[in-house]
DNA sequence: GAGTAAGCGAGACGGTACGTCGTGTCTTATC
DNA sequence: GATAAGACACGACGTACCGTCTCGCTTACTC
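Chains as they are written, first to last, in the UniProt record's numbering: chain A, 1 to 226; chain B, 1 to 226; chain C, 1 to 226; chain D, 1 to 226.
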């Protein structure tokens with residue numbers, strides 16, 4: 001994603017140790033001092049790494065953070081299946097899978113669309129409060145607003161895969177007759193996802209379980225009286 | 001909003017000329033070279049103003065831009081009523097008022113909620129493409145994501161007043177029986193406003209009149225079959 | 001000294017109060033924080049005076065300080081005669097007049113040139129240690145090194161009048177046959193005055209009564225054996 | 001002399017090129033526009049160097065100038081012996097060595113103290129008129145008056161070595177019976193050096209060969225009649 | 001198993017912008 | 001009309017990072 005320039009460095013000789021240290025430093029700094037005060041020099045110093053090692057492999061601090069956050073997400077995702085296996089057979093299964101990494105695990109399909117959405121959105125609300133997750137995503141989102149190239153990459157690699165899970169679930173609901181057949185799932189999901197995203201990103205309102213429940217209700221049943 | 005610090009400067013002595021020049025320079029630079037490359041030194045130089053004059057009255061470049069954009073919006077709003085009077089009596093009235101400053105003018109109330117919303121959202125779509133408007137709002141939104149204090153000010157002074165117009169229109173529709181009486185208008189409006197906002201800000205999808213029409217349909221009638 | 005510009009201000013309306021306050025502030029600041037950190041703004045603030053009042057009457061902070069110091073010297077000189085009258089008739093007369101302001105009072109003439117010079121130089125040594133005197137003179141001397149116009153004014157108004165006293169005393173000694181008749185007193189005085197000045201100004205050596213006594217000896221009797 | 005701060009930079013990596021360019025720029029600016037108008041930014045710009053490169057290695061513009069001038073003196077001193085060899089055997093030898101760098105070359109010892117001193121002081125008078133030499137020394141002297149630390153460094157590194165040459169010559173004269181055995185050479189030299197220094201630095205009188213000849217006469221033979 | 005070339009840590013470098021301070025000019029209101 | 005107050009355009013301050021560069025050092029891969 002960031003290499004393969006003309007005279008690109010030889011990635012087979014790349015130091016795994018440094019890469020990990022850079023990821024860790026970048027994420028930690030964004031959490032601790034915020035994105036604007038996080039500098040490449042600061043990341044290098046904290047990672048115990050030369051600046052050039054960063055410039056060799058990435059093009060900007062946003063690039064570094066995007067990869068670092070991607071890596072964090074993958075780690076988290078890889079961690080969940082194990083939990084799921086370990087926890088198999090016991091009560092509260094959905095609760096469990098909701099809490100962390102539900103995104104890449106798919107949305108539960110109990111046959112009751114409204115219930116499934118409420119569950120997933122409640123889990124998302126909880127997740128949005130984890131600063132280890134919040135600080136970097138806000139930072140990347142902010143950078144993306146003003147830097148279209150990065151913004152599109154952020155959406156493509158992080159956001160869209162999540163949204164696809166909603167598309168799948170909605171399509172399944174459509175087959176089950178719970179959603180109008182003429183509805184485009186990619187648009188439909190925005191009715192509940194975007195309001196939550198906006199409230200979170202722009203502080204336009206409080207984020208609670210009640211709120212997301214309401215969103216699901218309004219979106220499924222419509223604002224107009226039946 | 002930005003003065004009244006301890007030992008604050010005497011605002012009666014303030015140079016109106018400089019303030020205007022700073023607003024103009026800030027907006028122009030954000031449009032021309034982008035927010036990150038816009039610097040306080042650059043604004044000062046372009047405005048023909050000393051740096052200290054900026055630091056005396058504002059705390060950061062985001063502060064400057066927020067006020068400048070606010071001022072721009074007010075100017076635009078003040079310009080519309082005149083246009084409306086001049087254009088009174090002719091066809092395409094709504095088109096006209098939709099194009100610019102429809103926000104502060106209130107949402108039309110023809111009795112047909114769906115039609116009114118479609119109209120307003122189409123006008124918004126058009127407006128979002130004006131770079132004089134787009135560049136500063138993206139910049140402020142981006143800054144607000146990562147700087148909560150500014151984010152809240154951005155929302156309170158720029159966003160919320162716009163949203164209130166939707167609240168009013170939805171309440172009127174409720175009274176007319178076109179919206180479920182148990183619906184909270186402040187949440188309801190997010191069903192169509194937030195998706196549009198997200199697509200625009202985060203490049204998560206194309207923005208067209210067809211898209212906003214669809215949003216209105218889904219939101220009013222719901223995703224579930226009737 | 002610094003006024004009478006083209007459109008010079010009307011000095012009859014000048015505020016005596018402000019002038020005194022400016023002198024006091026300038027001298028105090030030079031003593032307390034040093035000449036380089038003394039600023040016109042600082043002087044104005046401390047004197048409770050507008051900056052323009054300083055710029056109206058003086059051309060630079062060196063100008064202010066020069067006048068302030070001149071004023072201080074005159075005050076000191078005016079104070080001594082009174083002391084002398086009060087102390088008339090008692091022993092230790094020379095001691096007394098040596099301590100302060102001996103400069104403008106003339107050099108004692110007891111008939112013994114060597115003794116008189118030793119006395120006066122010892123008194124000067126003592127005076128050089130008073131910080132109220134040292135700080136401003138160093139400052140003015142320093143400024144004068146690098147600003148010829150001010151340097152010459154400094155010499156003409158402050159230094160040369162002092163040196164003239166030595167010229168007078170040496171001439172008197174010449175008449176008494178204690179100094180070679182072919183000697184130019186204006187040059188001769190430099191043999192003991194300049195070494196002391198240089199040691200003081202440039203920290204090239206310690207300044208003691210023994211040192212000045214030695215200077216007088218070497219200067220009068222010569223370095224070569226008799 | 002100016003490095004070895006806490007967390008000092010690695011002087012082995014220092015750019016010789018930049019150092020030379022900074023010396024040249026500093027000296028040139030002091031000559032061209034004067035010391036007070038010489039700024040660190042100006043030096044950096046003229047040297048084609050980042051400001052930080054100056055701040056990394058020096059603490060102030062006076063520091064820079066002191067080192068630059070020291071370097072210039074050493075260069076000059078290194079240049080003279082070659083000239084002397086080249087010029088060996090021809091007339092006007094002393095004239096030659098007097099003109100430049102006589103200081104570090106030692107004072108001639110022809111056996112005639114008066115003649116040797118007259119020669120050296122005349123050469124010094126000539127040298128004091130070279131603006132490449134005058135501007136920086138005045139500047140450093142001025143700074144030293146008001147900044148004791150720098151003043152002492154100026155004296156120790158530049159002035160005192162010169163004075164030591166006089167001490168040596170006077171001691172030799174003492175051994176030859178041309179100077180009173182009880183005379184302290186370090187003080188004695190001030191009788192002719194300090195007057196010249198003061199006239200030069202403070203514009204207290206004209207500087208000519210006749211003047212320095214007179215100083216030598218007065219100092220050696222004394223003011224009192226024999 | 002020696003030679004070589006790349007990545008690496010470190011950090012100096014030429015720059016740009018920061019936010020602050022002081023300059024000298026100007027304007028306003030007060031006396 | 002001089003004054004206290006202080007806003008203003010300007011320019012330098014000393015600092016922080018930028019992105020590039022050069023220096024040994026270590027670590028593979030090649031011969």
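Cβ atoms here follow ideal geometry from the backbone N, Cα and C, with glycine treated the same way.
What first and last residue would you give for the alpha helix (DSSP H) that runs through residue 28(C)? DSSP places residue 28(C) in the uninterrupted alpha helix (DSSP H) bounded by 16 to 33.
Quick check: the segment 127 to 137 of chain D against the segment 176 to 188 of chain C, are there 3 or more CB pairs under 8 Å? Counting C-beta pairs closer than 8 Å gives fewer than three between the segment 127 to 137 of chain D and the segment 176 to 188 of chain C, which falls short of the contact rule.
Cβ of residue 8(B) less than 7 Å from any chain A Cβ? Not one chain A Cβ lies under 7 Å of residue 8(B).
What residues from chain C crowd round residue 148(D), counting only those whose CB sits closer than 8 Å? Under the 8 Å cutoff, chain C gives 203.
Around the C-beta of residue 8(A), are 16 or more other C-beta atoms found within 10 angstroms, so that it is buried, or is it exposed? With fewer than 16 other Cβ atoms inside 10 Å of its own Cβ, residue 8(A) counts as exposed.
Does residue 93(D) come within less than 7 Å of chain C when only Cβ atoms are used? The predicted model places residue 93(D) with a pLDDT of 44, which falls under 50 and marks its position as unreliable; any figure quoted below should be read in that light. No, residue 93(D) does not count as interfacial toward chain C.
Which of the three DSSP states is assigned to residue 178(D) in this structure? Three-state result, residue 178(D): coil.
By a C-beta neighbour count over all protein chains shown, 10 Å radius and 16 as the cutoff for buried, is residue 226(A) buried or exposed? It is exposed - the Cβ of residue 226(A) has fewer than 16 other Cβ atoms within 10 Å.
Would you please verify whether the beta carbon of residue 194(B) is less than 7 Å from any beta carbon of chain A? Put simply, the CB of residue 194(B) is near chain A, with a gap under 7 Å to one of its CB atoms.
Local Cβ density within 10 Å of residue 116(C), reported as buried at 16 or more and exposed below that: So residue 116(C) ends up on the buried side.
Flag this pair as touching only if the segment 109 to 123 of chain C and the segment 209 to 217 of chain C have three or more C-beta atom pairs under 8 Å; answer yes or no. The segment 109 to 123 of chain C, when compared against the segment 209 to 217 of chain C, does touch it at the 8 Å Cβ threshold.
Is the segment 106 to 114 of chain C touching the segment 39 to 49 of chain C in the sense that three or more CB pairs, one from each, lie closer than 8 Å? Between the segment 39 to 49 of chain C and the segment 106 to 114 of chain C, the count of C-beta pairs closer than 8 Å stays below three; the two stretches do not touch.
Go ahead and label residue 55(C) buried or exposed: buried means 16 or more other beta carbons lie within 10 angstroms of its beta carbon, across all protein chains shown. Around the beta carbon of residue 55(C), fewer than 16 other beta carbons lie within 10 angstroms, which makes this residue exposed.
To the nearest angstrom, report how far apart residue 38(D) and residue 31(D) are at their CA atoms. A direct Cα-to-Cα measurement between residue 38(D) and residue 31(D) gives close to 9 Å.
Report yes or no: do three or more beta-carbon pairs, one from the segment 195 to 202 of chain A and one from the segment 19 to 31 of chain C, lie closer than 8 Å? Segments in contact, no.
Counting only the same chain and skipping the five closest in sequence on each side, list residues whose C-beta sits under 7 Å from that of residue 219(B). Within the same chain, residue 219(B) has close Cβ partners 191 and 192.
Euclidean distance between Cα positions of residue 183(A) and residue 164(B): So the alpha carbons of these two residues sit roughly 29 Å apart.
Take residue 138(A) and list the residues in its own chain whose beta-carbon comes closer than 8 Å to its own, dropping the five residues that flank it on each side. So the qualifying residues of the chain are 35 and 201.
Rounding to the nearest angstrom, what Cα-Cα distance links residue 158(D) and residue 74(D) in this structure? So the two alpha carbons sit approximately 10 Å from each other.
Classify residue 11(D): buried if its beta carbon has 16 or more other beta carbons within 10 angstroms, exposed otherwise. Looking at its Cβ environment, which holds fewer than 16 other Cβ atoms inside 10 Å, residue 11(D) is exposed.
Taking 7 Å as the threshold (C-beta atoms), are residue 65(A) and residue 136(A) in contact? Going by beta carbons, residue 136(A) and residue 65(A) fall inside the 7 Å limit.
Cβ-Cβ separation, residue 222(A) to residue 221(B) (assumed contact under 8 Å), whole Å: Here residue 221(B) really is in contact with residue 222(A); their C-beta atoms are around 5 Å apart, less than 8 Å.
Which first and last residues belong to the alpha helix (DSSP H) in which residue 53(B) is found? Per DSSP, residue 53(B) belongs to the alpha helix (DSSP H) from 51 to 57.
Residue 181(A) classed as buried or exposed, judged by whether at least 16 other C-beta atoms fall within 10 angstroms: The residue is exposed, with fewer than 16 neighbouring Cβ atoms inside 10 Å.
Near-chain D residues of the segment 14 to 34 of chain C (beta-carbon distance less than 8 Å), N- to C-terminal order: Hits within the stretch, in order: 34.
Residue ranges of each beta strand (DSSP E) within the segment 119 to 187 of chain A, 3 or longer: For the segment 119 to 187 of chain A, not a single whole beta strand (DSSP E) run of length 3 or above is found.
What residues from chain B crowd round residue 187(A), counting only those whose CB sits closer than 9 Å? Going along chain B in sequence order, the residues near residue 187(A) (Cβ under 9 Å) are 195, 205, 211, 214, 215 and 218.
Length of the line joining the Cα atoms of residue 194(B) and residue 15(D): Those two C-alpha atoms are separated by around 57 Å.
How is the alpha helix (DSSP H) around residue 239(D) delimited, first residue to last? Outside the shown range of chain D (1 to 226) lies residue 239(D), about which nothing can therefore be said.
Closer than 8 Å, Cβ to Cβ, to anything on chain B: give me those residues from the segment 117 to 138 of chain A, in chain order. Answer in chain order: 138.
Return the CA-CA distance between residue 208(D) and residue 41(B), expressed in angstroms with no decimal places. The straight-line gap separating the alpha-carbon atoms of residue 208(D) and residue 41(B) is approximately 53 Å.
Return yes when the Cβ of residue 28(B) is within less than 7 Å of the Cβ of residue 150(B), no when it is not. With respect to the 7 Å criterion, residue 150(B) and residue 28(B) are not classified as neighbours on the basis of their beta carbons.
Round the Cβ separation of residue 145(D) and residue 142(C) to the nearest angstrom and send it over; I've been treating them as touching at under 8 Å. In this structure, residue 145(D) and residue 142(C) form a Cβ contact; the two beta carbons are roughly 4 Å apart against a cut-off of 8 Å.
Here's a check: name, in chain order, each residue in its chain whose Cβ is nearer than 8 Å to the Cβ of residue 217(D), leaving out the five neighbours to either side. Closer than 8 Å at Cβ, skipping near neighbours: 114.
Please check the pair residue 173(A) and residue 179(A), which I expect to be a contact at CB under 8 Å, by giving their CB distance rounded to whole angstroms. Contact between residue 173(A) and residue 179(A) is confirmed by a C-beta separation of about 5 Å, below the 8 Å threshold.
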